[in-house]
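**Student:** Got a structure for you, questions after.
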Amino acid sequence: MAKIPIYNQGRGTTQQLATGSLSPAANTGAFAAPGQALASFADSAQQIAFNFGMAERDREDKAIIAEEESKFLDLAGSNELQTKDTTVGDASERIDKIINKFKGRFDKDYDSRRSNLLKQKLSSTFDSFKLKAKQNAFNRGNIIAGTKIDSNIDKGLSDLRSINSKDPEYEIKRKKIIDTINEAKVSGIPISYTSSQIRTFLKNKTSEDAVSNIQNKITNSTSITDLNLIQKEITSKSGKEFSTSKGNVLSSLLTQQKTIITNNNISALANHVDFDLDREPNTNSSIINDKFSEVKDGTFGGDEDKQKVWKTLSESEKRKVIALAEQQATQVESEIRFRQFEKNNQIRENNETIFNDNLPAALDGTLTFDKIKKLEFQGSGGATLRNNLQTILMKNVDGNFADETAPVVYRQIFEKIVSREVRSINDKFLIEGERQAKSILERDDIDNTTFRTLVSDINSFQKPDTAADLKLFGQFLDGNKDLILGSKIYRQFDNGGEARFFDFSIQMRKRFERGLAEGKSAISLLDRRSNDYILKDENFYRITSKEILKNYQNSLRIDNQNDLTLDQVRPPTREEVARLIGVTNIDLFTQQDYLNSGPYQLWFTSGKYPVWLKLRTQR
185 MAKIPIYNQG RGTTQQLATG SLSPAANTGA FAAPGQALAS FADSAQQIAF NFGMAERDRE
245 DKAIIAEEES KFLDLAGSNE LQTKDTTVGD ASERIDKIIN KFKGRFDKDY DSRRSNLLKQ
305 KLSSTFDSFK LKAKQNAFNR GNIIAGTKID SNIDKGLSDL RSINSKDPEY EIKRKKIIDT
365 INEAKVSGIP ISYTSSQIRT FLKNKTSEDA VSNIQNKITN STSITDLNLI QKEITSKSGK
425 EFSTSKGNVL SSLLTQQKTI ITNNNISALA NHVDFDLDRE PNTNSSIIND KFSEVKDGTF
485 GGDEDKQKVW KTLSESEKRK VIALAEQQAT QVESEIRFRQ FEKNNQIREN NETIFNDNLP
545 AALDGTLTFD KIKKLEFQGS GGATLRNNLQ TILMKNVDGN FADETAPVVY RQIFEKIVSR
605 EVRSINDKFL IEGERQAKSI LERDDIDNTT FRTLVSDINS FQKPDTAADL KLFGQFLDGN
665 KDLILGSKIY RQFDNGGEAR FFDFSIQMRK RFERGLAEGK SAISLLDRRS NDYILKDENF
725 YRITSKEILK NYQNSLRIDN QNDLTLDQVR PPTREEVARL IGVTNIDLFT QQDYLNSGPY
785 QLWFTSGKYP VWLKLRTQR
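Just so you know, the sequence shown maps onto residues 185 to 803 in the numbering used here.
What follows is the structure, given as structure tokens:
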């Protein structure tokens, strides 16, 4: 600030005045000095005022400059925060508009001097902010470019993950990624990836691919020789292209594959004796044995591929092949037997169907020998059934067909059917006192219709444990035989004992089958302590020694009546029984119903039966 001179108030002037005695002649300089001093003071005051004015103007200029600079920085800064410019050109154009608009106001608000002064003083501020805006735009552009480059690198790496490092395409994509990173580095574009990161990725990828390639080789390998070569590859690359731990995992996988291949080889060689019986229906034991011998000898019928595999096996593995082949041979033979059994069963069922369909006509005499010859029976069993039909027809024609049988014979046949010893009316069997086995149809003294129905009923009653159930039922009948037949001492005097036991067997069988059909177990039905026990009325069947003797006496009295005729002791006819018990439709009254009826059983267990049997035999 200009220093303003001040006067020496109260102490006179500061101008040095002349001193000394007065001379007689006046000195003009002495008279002019005070005036000069006054003129000098006036000039100094004017200068002081000017200086004050200039200082105030400069101060105001500086304040205005500072204020306008602050306004510009606020305006431009706010605009910069909102801008999205990514190029230097866009940023420069935007800032120029802001600066020009801002400077345009100077000419309106200030005089030309001050306007020019503001433009001059703020030019560096304008230039500095413009440079900053350009830098910000450039940086924003670099960030966006870096983001795009990162995205491209991400995609490239993703592509590399799906391509094996041995593939030519892999090298092309790998080089492109590295070039992209280098270019970004040179250009100063910021990206997320570094060359070090990419090198690590590529190294890991190469290692993973090496492991994957060997895994595929192991999985696709079909021979022990190939696996041995792969094991050498694992050993050479372990600790180099991949870690030792991964090498150990690969070796373990290889061992597993060896086991699989060995087992497959064993199975394939053993299948040498496997046959497709549908395509090779003529396969027999001789053919199977020949195939099995080829396995034991390691010749495999001249199959060189199988021979090569055989030579790679250890002795223990060869023994496994032979053992498995033996099992295969046994299974094939079992299947052959089963198929033959099924075939025979089918033939038997077809034969029996033909027989059963034609039996009624043979019994009533409407079937002819010519028709019997034309029936499509198969095999030896069919020939037997054909002969049986012819025999039945001949007996019917001759009038020698027996309608009844002795109770003891009847009981024995019944027991054999129930125990499944006799499964068909054509199965041959022996009963007490016989030397030659005969079928039901071959027996002249029995009603084969009754037993045919019984066999059919038993055969239709099928479930997995049928045999065991029937065995238990047979044991039940044996256990109650003394109950029905009475004391062994007096039993010989009772002619009706066997008849009673047969009737008992029939009734119990019905109860037993009914209980099984209701879902009850055989054990519960045959256990005396069970609520389901079938023999709850045993006192009804029990016979005392007195009753046995009484029956014997009655039989003697009847037997001694020599004047009795066959008609007097005959059994009631089927029609008579039906009428007595109220059967309206005789066609629905079966032979079994007739034999189980009360009137028939009353006659059967009476003394008339043995007399009728004796008189019938004497005719």
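No residue lacks a Cβ here, since even glycine has one placed at the ideal position from N, Cα and C.
Rounded to whole angstroms, what's the CA-CA distance from valine 505 to aspartate 460? Just pull it up for me.
**Tutor:** Residue mapping note: residue 505 aligns to position 321 of the sequence shown, counting from 1. Residue mapping note: residue 460 aligns to position 276 of the sequence shown, counting from 1. Taking the straight line from one Cα to the other gives about 20 Å.
**Student:** Just mark valine 370 as buried or exposed, buried being the case when its beta carbon has 16 or more other beta carbons within 10 Å.
**Tutor:** To locate residue 370, count along the sequence shown from 1; it is residue 186. Under this definition valine 370 is an exposed residue.
**Student:** Tell me whether phenylalanine 773 sits in a helix, a strand or coil according to DSSP, three-state version.
**Tutor:** In the sequence shown, residue 773 corresponds to position 589, counting from 1. DSSP places phenylalanine 773 in coil when its eight states are reduced to three.
**Student:** Helix, strand or coil: which one does DSSP assign to lysine 502?
**Tutor:** Sequence index remark: in the sequence shown, residue 502 carries index 318 (1-based). Correct three-state label for lysine 502: helix.
**Student:** Just curious, the alpha helix (DSSP H) that lysine 704 is in, first and last residue?
**Tutor:** Your numbering for residue 704 matches position 520 in the sequence shown. Element bounds for lysine 704: n/a, residue is neither H nor E.
**Student:** Can you check whether the CB of aspartate 334 is closer than 8 Å to the CB of serine 375?
**Tutor:** Locating residue 375 in the sequence shown gives position 191, counting from the first residue. Locating residue 334 in the sequence shown gives position 150, counting from the first residue. The amino acid at residue 375 is misidentified as serine; the sequence shows isoleucine. Yes, these two residues count as a Cβ contact at 8 Å.
**Student:** Let me know the secondary structure DSSP gives leucine 799 once reduced to three states.
**Tutor:** Along the sequence shown, read from residue 1 onward, the residue named residue 799 stands at position 615. Of the three classes helix, strand and coil, the one that applies to leucine 799 here is helix, per DSSP.
**Student:** Threshold first: 4 residues or longer. Then list the alpha helix (DSSP H) segments lying entirely within the region 354-432, N to C.
**Tutor:** If we require 4 residues or more, the alpha helix (DSSP H) runs fully inside the region 354-432 come out as 379-404, 408-421.
**Student:** Ignore the nearest five residues each way along the sequence and tell me which others in valine 753's own chain have a CB closer than 7 Å to its CB.
**Tutor:** Translated into the one-based positions of the sequence shown, residue 753 becomes position 569. Cβ within range, chain order: Lys792, Val795, Trp796, Leu799.
**Student:** Please classify phenylalanine 613: does DSSP put it in a helix, a strand, or coil?
**Tutor:** Taking the first residue of the sequence shown as position 1, residue 613 is located at position 429. Here phenylalanine 613 sits in strand by DSSP.
**Student:** Excluding the 5 residues flanking valine 767 on each side, which residues of the same chain have their C-beta closer than 7 Å to its C-beta?
**Tutor:** Here the question's residue 767 lines up with position 583 in the sequence shown. Phe773.
**Student:** Excluding the five sequence neighbours on either side, which residues of its own chain have a C-beta within less than 6 Å of the C-beta of phenylalanine 410, listed in chain order?
**Tutor:** Taking the sequence shown and counting its residues from 1, one reaches residue 410 at position 226. Looking at the sequence provided, one finds aspartate at residue 410 rather than phenylalanine. There are no such residues.
**Student:** Within the same chain, show all residues whose beta-carbon is closer than 7 Å to that of glutamate 417, passing over the 5 residues directly before and after it, in chain order.
**Tutor:** Indexing the sequence shown from 1 puts residue 417 at position 233. So the list reads Ile398, once near-sequence residues are dropped.
**Student:** Can you name, in chain order, every residue of its own chain whose Cβ lies under 8 Å from the Cβ of asparagine 348, other than the five neighbours on each side?
**Tutor:** Against the sequence shown, residue 348 aligns to sequence position 164. Result list for asparagine 348: Tyr354, Asp393, Ser396, Asn397, in chain order.
**Student:** Less than 8 Å between the CB atoms is what I'm expecting for serine 689 and lysine 655, so what's the real figure, rounded?
**Tutor:** The residue you call residue 689 lines up with position 505 of the sequence shown. The residue you call residue 655 lines up with position 471 of the sequence shown. With a Cβ gap of about 15 Å, serine 689 and lysine 655 do not count as contacting.
**Student:** Look at the alpha carbon of lysine 557 and the alpha carbon of phenylalanine 476, and state the distance between them as a whole number of angstroms.
**Tutor:** Numbered from its first residue, the sequence shown carries residue 557 at position 373. Numbered from its first residue, the sequence shown carries residue 476 at position 292. C-alpha separation (whole angstroms): 46 Å.
**Student:** Give a yes or no on whether the C-beta atoms belonging to asparagine 610 and leucine 569 are separated by under 8 Å.
**Tutor:** Counted from its first residue, the sequence shown places residue 610 at position 426. Counted from its first residue, the sequence shown places residue 569 at position 385. It is a contact, given that the beta carbons lie within the stated cut-off.
**Student:** Would you be able to state if there are at least three C-beta pairs under 8 Å between the region 508-518 and the region 450-460?
**Tutor:** Taking 8 Å as the limit for Cβ pairs, the verdict is that the region 508-518 does touch the region 450-460.
**Student:** Under three-state DSSP, which class holds lysine 720?
**Tutor:** Sequence index remark: in the sequence shown, residue 720 carries index 536 (1-based). Three-state DSSP puts lysine 720 in coil, outside helix and strand.
**Student:** Would you kindly report the start and end of the unbroken alpha helix (DSSP H) that includes arginine 758?
**Tutor:** Translated into the one-based positions of the sequence shown, residue 758 becomes position 574. From DSSP, the alpha helix (DSSP H) with arginine 758 extends over 758-764.
**Student:** Return yes when the Cβ of valine 479 is within less than 8 Å of the Cβ of alanine 507, no when it is not.
**Tutor:** Stepping through the sequence shown from its first residue, residue 507 is reached at position 323. Stepping through the sequence shown from its first residue, residue 479 is reached at position 295. The answer is no: Cβ separation not under 8 Å.
**Student:** Run through the DSSP bridge pairs and tell me what lysine 622 is partnered with.
**Tutor:** For the purposes of this step, residue 622 is taken as the residue at position 438 of the sequence shown. Bridge partners of lysine 622: Phe613.
**Student:** Could you round the C-beta distance between glutamine 441 and threonine 403 to whole angstroms and report it? I think they count as a contact, below 8 Å.
**Tutor:** Here the question's residue 441 lines up with position 257 in the sequence shown. Here the question's residue 403 lines up with position 219 in the sequence shown. Rounded, the Cβ-Cβ distance is 7 Å, consistent with contact.
**Student:** Determine contact between the region 302-319 and the region 237-253, defined as no fewer than three beta-carbon pairs at a distance below 8 Å.
**Tutor:** The region 302-319 is in contact with the region 237-253.
**Student:** Considering leucine 669, what are the terminal residues of the alpha helix (DSSP H) in which it resides?
**Tutor:** As a working note, residue 669 is residue 485 in the sequence shown. It spans 665-669 - the alpha helix (DSSP H) in which leucine 669 sits, taken as one unbroken run.
**Student:** For threonine 446, which residues from the same chain have a beta carbon less than 8 Å from its beta carbon, with the 5 sequence-adjacent residues on both sides left out?
**Tutor:** Walking along the sequence shown from the start, residue 446 turns up at place 262. Same-chain partners within the cutoff: Ile408, Leu497, Glu501.
**Student:** How many Å lie between proline 189 and serine 254 at the Cα?
**Tutor:** If you number the sequence shown from 1, residue 189 lands on position 5. If you number the sequence shown from 1, residue 254 lands on position 70. Reliability fails at proline 189, whose pLDDT of 44 lies under 50, so the model's placement of it is uncertain and no value is given.
**Student:** Below 8 Å, can you find three or more Cβ-Cβ pairs linking the region 263-273 to the region 319-337?
**Tutor:** Output reads yes: the region 319-337 touches the region 263-273.
**Student:** Taking the beta carbon of lysine 492 as the centre, do at least 16 other beta carbons fall within 10 Å, making it buried, or is it exposed?
**Tutor:** Looking up residue 492 in the sequence shown gives position 308. Per the 10 Å Cβ criterion, exposed.
**Student:** Going by Cα to Cα distance, which pick from Thr390, Ser427, Asp245, Asp338 is closest to leucine 377?
**Tutor:** Looking up residue 377 in the sequence shown gives position 193. What sits at residue 377 in the sequence shown is tyrosine, not leucine. Among Thr390, Ser427, Asp245, Asp338, the Cα nearest to that of tyrosine 377 is on Asp338.
**Student:** Taking 8 Å as the threshold (C-beta atoms), are isoleucine 718 and phenylalanine 685 in contact?
**Tutor:** Start at 1 with the first residue of the sequence shown, and residue 685 comes out as number 501. Start at 1 with the first residue of the sequence shown, and residue 718 comes out as number 534. Cβ atoms of phenylalanine 685 and isoleucine 718: not closer than 8 Å.
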